[in-house]
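K.L.:
Below: one structure in structure tokens.
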Amino acid sequence: MKVANLIVYLCAVVMIILGVYSFVYLKDIYSGVIWPVFGIIIAILGYIRLK
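According to this note's numbering, the residues represented by the sequence shown are 23 to 73, in order.
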């Protein structure tokens, strides 16, 4: 169970990092906003599953 939660959080962190990278370095607003939003949603769902 803990490994699955770690994988979910790892995917969420990777999505957030991709979004920030895309927004800051590539100046792409669309993917710079979409990736972190999905990352935050996945992190919240992972936290709810953890409870």
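For each residue, glycine too, the CB sits at the ideal point set by N, CA and C.
In this structure, how does DSSP classify K24 when only helix, strand and coil are distinguished?
P.N.:
Position 2 of the sequence shown, counting from 1, holds the residue named residue 24. Helix, per DSSP.
K.L.:
Nearest CA to the CA of I63: which residue from K49, V42, C33?
P.N.:
What you label residue 63 is simply residue 41 of the sequence shown in a count that begins at 1. Residue C33 is the option with its Cα nearest to I63.
K.L.:
Look at the alpha carbon of G68 and the alpha carbon of I39, and state the distance between them as a whole number of angstroms.
P.N.:
Numbered from 1 along the sequence shown, position 46 holds the residue referred to as residue 68. Numbered from 1 along the sequence shown, position 17 holds the residue referred to as residue 39. Spanning the two alpha carbons is a distance of roughly 17 Å.
K.L.:
May I ask which residues mark the beginning and end of the alpha helix (DSSP H) holding L67?
P.N.:
Position 45 of the sequence shown, counted from the start, is the residue given in the question as residue 67. Taken as a continuous stretch (DSSP letters only), the alpha helix (DSSP H) holding L67 covers 51-72.
K.L.:
In angstroms, rounded to a whole number, what distance separates the CA positions of G41 and L28?
P.N.:
Taking the first residue of the sequence shown as position 1, residue 41 is located at position 19. Taking the first residue of the sequence shown as position 1, residue 28 is located at position 6. When rounded, the distance between both Cα atoms is 20 Å.
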